[in-house]
Structure formats: C-alpha cells, structure tokens
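Peer 1: Under this note's numbering, the first residue of the sequence shown is numbered 184, with each subsequent residue one higher. All residues carry an ideal CB built from backbone N, CA and C; glycine is no exception.
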Amino acid sequence: MKTLAALLLFTLSAQAAIMLPAVFSDHMVLQSGKPVPVWGAADANTEVTVAIAGQKKTTQADGEGKWSLKLDALTATAEPQTLTIGDKTINDVLIGEVWLGSGQSNMAMTVERAKDLEASKAAANLPLIRVFTEGSGASPTAKSEGKGTWIICTPETVGKFSATAFFFGRTLHAELKTPVGLINSSVGGTPIESWISPEAQQASEELKPFFAAMKQADAQFDEGKTKAVFERQVAEWTEAVKKANAEGKRLPRKPRVPLETRKRKGNVGGLFNSKIAPLIPFAIRGAIWYQGESNSQDPKAPFYQHQLTLLAKDWRTRWNDEFAFAWVQLPNFTRAGEGWMIVREQMLNALQTIPNSGMAITLDIGDPKDIHPKNKQDVGYRLAQWALGSVYHKDVPAICGPLIDSATAKGGEFVLTFKHAKGLTAKGNLTGFEIAGADGHWQLAEAKIDGETVIVSAKAVAEPKSVRYAWKDNPTASLFNGAGIPASPFRK
C-alpha cells in the first residue's frame, strides 16, 4: 500500500508541475488547417500527453523540464472542445482563424475610444470571436511566459478590445463563418525597433547606420534637463485643469513621465522579448501591424522599410511559418517635416521586400489634429479585404487601393499606371499631383484619368523628370479605385 501511495503521490506531483504559456487558457481559439504547436514545462524527463478533438499526442520533457509537440492540423469548428495537457484541462476551446495584432497606440486603441461605441456594442454579441491581450511589460531578455486571458466578445467586453483588431476580426468572422481568435500585443508610443529581436537587429548590416545615430542620440540624452521640462509641463497642465474645470470643458491629458515612457519602450527588442517571444510558436494565420508614428522623425524614418522587412522575416523565422503579414500605412495627419511621408513611402516599398504581404491605405480616414483617428472600422475593414482576397482567396472588390506601377515621361507629360486600379476614379477634383524637371523644383500639376492610367502635366515643366502624388503630411486624397479605397502616396 505504501508503494502504491508513493506512486500515486509521485504521479500527481508530476502532473501538478505542468506549466503552460498564458495563451493556453479557457475560451482560447486554436488555428485550423495547419499543425498546432503546444509547449510548456513539467518535471524533468516526465511524459506529457496532449489531447483534443479525438487526437492524442505524447512527448517527454527534457532534462530542464521543457517540452513541446505539434498536433496535426485541426478542422475548424464552432463546437466547444476540451484541450487536455497532462492534468491541465482547458475548456471552451474553439478551432478557427487566429491573427496577431501588434504595434503602438493605434493598434492598442480600444473600441470604447473609437467612433460609434454604442453601435459597436449593440452588434457585439459574437461569442465565436475571442481576444487575448498580452499584458507583459518590457524585458531586457526573452521571456517564455506572458500574461493575459482569453475574453469572449460580448456587448459588455468589446469596449476593451483593440479596435483595429476587432473590426478586422469581425469582418473575417462575418465572411468566413468560422471562429476567430485575436491576439493583441501592442504598446502606445513605441518604435518598431522595440518589437524586433535584438539578435536580428544587431546582425543587420542595413541597420548599422541607424544604431550609430541612436547611440549618438542616447549620448545627448540629459536626464536632469528632461525631468525639469516634465515638471514645467506638469505645472502648466495643473493650471490648465483648473481652467477647464472652471469652464466645464474637457480636461487636458496629463503629460507622460518621460523616464517611464523611455522605460516602457523597451529600447532595442525589449517588447519583442516580453510581448512577442512568449507567444512563439502559437499557431496563427497571420499578423497585422499598426505602427510607424514613433519612427517618423529624423533620423529614423529612412530606415523603416529595412526594419519592417526585418520584423516580418524575424517573426516568421522564429515561428517557422511564412504566415501572412499586413500593415496599416500612416494616415493623413499634420506633422512637421517630411518624416511622415517618408515612412508612408517606406511602407509602400516594403510590399516589394516582404512576400505574402499587404497594406491598408488610410489616407482618407485620418484626423489632421489627432494622431489617434477614431475611424478604426474602416481600418479593420480594409485589412480584412486584403486578408479575404489574398489569404482566403475570396472574391472581394479590391484587396488594396491603387499602387503606383510605372511612371513614363512622354512628350512633356507623365503617364502613370497602377495596380489595383479597377474603376479608377476621382473624388472631387483630381489634385495632389506634382512634377519636377531637371532642377528638382516641384510644380503643381494637372491630372486626368484615362481608363486605368493617369496623365500628369504642368505648363511650367516642359521636360518632366519626376512625379509625385499626395506628398504631404495631411494631403487630400483624390484618387480612388472602384472599391472606394484611396491610392497610396508615391514619388517616382
């Protein structure tokens, strides 16, 4: 009896020792149609069995207690499943489509801060949509454990979801008729270099000038001066609050603590370490990215294509999966200098260097005075149109807005051709085009649509050498395709 009791105690202790990443929890969604990695920790050298939907797999933990296995591809189902991992039981598991949403504040921005909250809540009785929000802070080293729980979409919960991710997922769910899992891992005010593994960035030849410039900027950082400026800002904010209260106006936002903001950004790779690494290699169909605002100032802007390309490559390599990847191009917004336009251009160029990728053009739905535009419904919808057409091979009006394909100078004018130009049209007057001659001086140009091409000319430029469109921080979008999506800004 003592031997049996000891054996039972050993078995129970081994089972109790199993630890799982936070993303494996009740109400989760598993990806259908591809192998599903499952991993965690247990007592060293013990067996771990994983079972779901009639499938069972067993593996053995290594000497450090680490273990992993892959389930065979699962079939999508809205019927709740039970996932057992050793002695752990995960309930109400759905199998469908899983997408990762990441970036800075515009991805983090919640449904309750977007427009039409009450309408969104009224239409949010969607129990087949679940959201996991990764809650870890920045880390100097890669972490295997994250924080968060899966939340079922209801009118009561939807307000806290990432708006862009939710409206994206809602469109997919409506069209695909399958469960949708959304993983939100984003932090406001953060640059792209926080989200790429340090190792990948340090090995990049293209980014050596970038890090040299950042090193110089860090050397010039004056903590005392920064603190003094912050204290002055707080004093001004305090007076502004008193005035707003007296006048019954909306209270101004309190200034952020600069040293805390600097810490939250995680430096190089700090957010990858804490908010992406714990999710790898959870099976996903793809990722959507909404960031760029924090990289739109010199000297960062010209490096964005390299960084975005590296991010996609690094994530895919670590996941061992060439999953789909799309991003949101920066919208119209008033920002001094050319950095905002350069990041937009870098995003456009990245379509050529990132396979299986897409871009939502948002030139018409930004807010000139608010870096956090409230229309996230159209942002999510446009990302979803790309996914439905490119990833799921559905018949959609267009997967993107018009993208410049060629610019040919002929007899004093430019002939422009575009991809995704079916139904090319102007909204209002066709404006925003400029051309330049050999002197490089840009002149406003006249433009007209001819089928799926645009003819551009300017009387002041007899021999045009260059052409550009919407090359402003806050331009008026005038060129659209038949699906109502604006053309991307460009220069040639």
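1. Taking the alpha helix (DSSP H) that Ser589 falls in, what are its first and last residues?
2. Does DSSP put Ala325 in a helix, a strand or coil?
3. With a cut-off of 8 Å on the beta carbons, I'd call Gly522 and Asp561 a contact; round off their distance for me.
4. Residues in the same chain with beta-carbon distance under 6 Å from Gln535, minus the five sequence neighbours each way, listed in chain order, please.
5. Under the rule that 16 or more other beta-carbon atoms within 10 Å means buried, what is Arg415, buried or exposed?
6. Of the residues Ser285, Leu254, Gly286 and Thr232, which one's Cα is nearest the Cα of Thr704?
7. Report buried or exposed for Arg436, applying the criterion of at least 16 other Cβ atoms within 10 angstroms of its Cβ.
8. If you measure between the beta carbons of Gly453 and Pro374, is that distance less than 8 Å?
9. Of all the options Met290, Asp497 and Thr409, which has the alpha carbon lying nearest to the alpha carbon of Ser387?
10. Name the DSSP beta bridge partners of Thr232, please?
11. Report the rounded CA-to-CA distance for Glu376 versus Val451, giving the unit in angstroms.
12. Within 10 angstroms of the Cβ of Thr421, are there 16 or more other Cβ atoms? Answer buried if so, exposed if not.
13. Could you pull out every unbroken alpha helix (DSSP H) segment of at least 4 residues lying fully inside the region 240-290, listed in chain order?
14. Tyr473 bridges to which residues according to DSSP?
15. Identify, in the order they occur along the chain, each residue of the same chain with its Cβ nearer than 8 Å to the Cβ of Glu505, setting aside the five sequence neighbours on each side.
16. For a minimum of 3 consecutive residues, which ranges assigned as the beta strand (DSSP E) are wholly contained in the region 556-586?
17. Kindly provide the ranges of any beta strand (DSSP E) runs that are 3 or more residues long and lie completely inside the region 337-375, ordered along the chain.
18. Check Leu390 in the structure and name its three-state DSSP category.
19. Check Leu213 in the structure and name its three-state DSSP category.
20. Could you tell me if Leu627 is buried or exposed, where buried requires 16 or more neighbouring beta carbons within 10 angstroms of its beta carbon?
21. If contacts are defined as beta-carbon pairs under 8 Å, then Trp282 and Ile467 qualify, I think. What distance do you get, rounded to the angstrom?
22. Short check: CB of Asn228 to CB of Gly284, under 8 Å?
23. Do you know whose CA, among Leu462, Leu513, Arg433 and Lys298, lies nearest Tyr487's CA?
24. According to DSSP, what are the bridge partners of Glu617?
Peer 2: Quick answer:
1. Mapped onto the sequence shown, residue 589 falls at position 406. That residue, Ser589, is in no alpha helix (DSSP H); its beta strand (DSSP E) goes Leu586 to Lys593.
2. Sequence index remark: in the sequence shown, residue 325 carries index 142 (1-based). In this structure, Ala325 counts as coil in the three-state DSSP scheme.
3. Stepping through the sequence shown from its first residue, residue 522 is reached at position 339. Stepping through the sequence shown from its first residue, residue 561 is reached at position 378. With 8 Å as the limit, Gly522 and Asp561 do not qualify as a contact, their Cβ atoms being about 24 Å apart.
4. Taking the first residue of the sequence shown as position 1, residue 535 is located at position 352. Around Gln535: no qualifying Cβ.
5. To locate residue 415, count along the sequence shown from 1; it is residue 232. With fewer than 16 other Cβ atoms within 10 Å, it is exposed.
6. Past the boundaries of the shown model lies residue 704; the chain is included only from 184 to 675, so the question cannot be answered.
7. To locate residue 436, count along the sequence shown from 1; it is residue 253. When all chains shown are included, Arg436 counts as exposed.
8. Translated into positions along the sequence shown, residue 453 becomes position 270. Translated into positions along the sequence shown, residue 374 becomes position 191. No, they are not a contact pair.
9. Position 204 of the sequence shown, counted from the start, is the residue given in the question as residue 387. Minimum Cα distance to Ser387 is reached at Asp497.
10. Start at 1 with the first residue of the sequence shown, and residue 232 comes out as number 49. In DSSP, Thr232 forms a bridge with Thr241.
11. Stepping through the sequence shown from its first residue, residue 376 is reached at position 193. Stepping through the sequence shown from its first residue, residue 451 is reached at position 268. Near 5 Å, if we compare the C-alpha coordinates of Val451 and Glu376.
12. Here residue 421 refers to the residue found at position 238 of the sequence shown. Per the 10 Å Cβ criterion, exposed.
13. Correct list: empty.
14. Within the sequence shown, numbered from 1, the residue matching residue 473 stands at position 290. DSSP, once it has assigned bridges, lists Gly286 as partnering Tyr473.
15. Start at 1 with the first residue of the sequence shown, and residue 505 comes out as number 322. Around Glu505: Arg499, Pro538 and Asn539.
16. Whole beta strand (DSSP E) segments, 3+ residues: zero.
17. 363-369
18. As a working note, residue 390 is residue 207 in the sequence shown. Reduced to three states, the DSSP call for Leu390 is coil.
19. Indexing the sequence shown from 1 puts residue 213 at position 30. Looking at Leu213 - three-state DSSP - the assignment turns out to be strand.
20. Counted from its first residue, the sequence shown places residue 627 at position 444. The residue is exposed, with fewer than 16 neighbouring Cβ atoms inside 10 Å.
21. Position 99 of the sequence shown, counted from the first residue, corresponds to residue 282. Position 284 of the sequence shown, counted from the first residue, corresponds to residue 467. Rounded, the Cβ-Cβ distance is 6 Å, consistent with contact.
22. Reading the sequence shown from its first residue, position 45 is the one you call residue 228. Reading the sequence shown from its first residue, position 101 is the one you call residue 284. Asn228 places its beta carbon 8 Å or farther from that of Gly284.
23. Counting from 1 along the sequence shown, the entry for residue 487 is found at position 304. Nearest C-alpha to Tyr487: Leu513.
24. Position 434 of the sequence shown holds residue 617. Leu627 and Arg651, per the DSSP bridge assignment.
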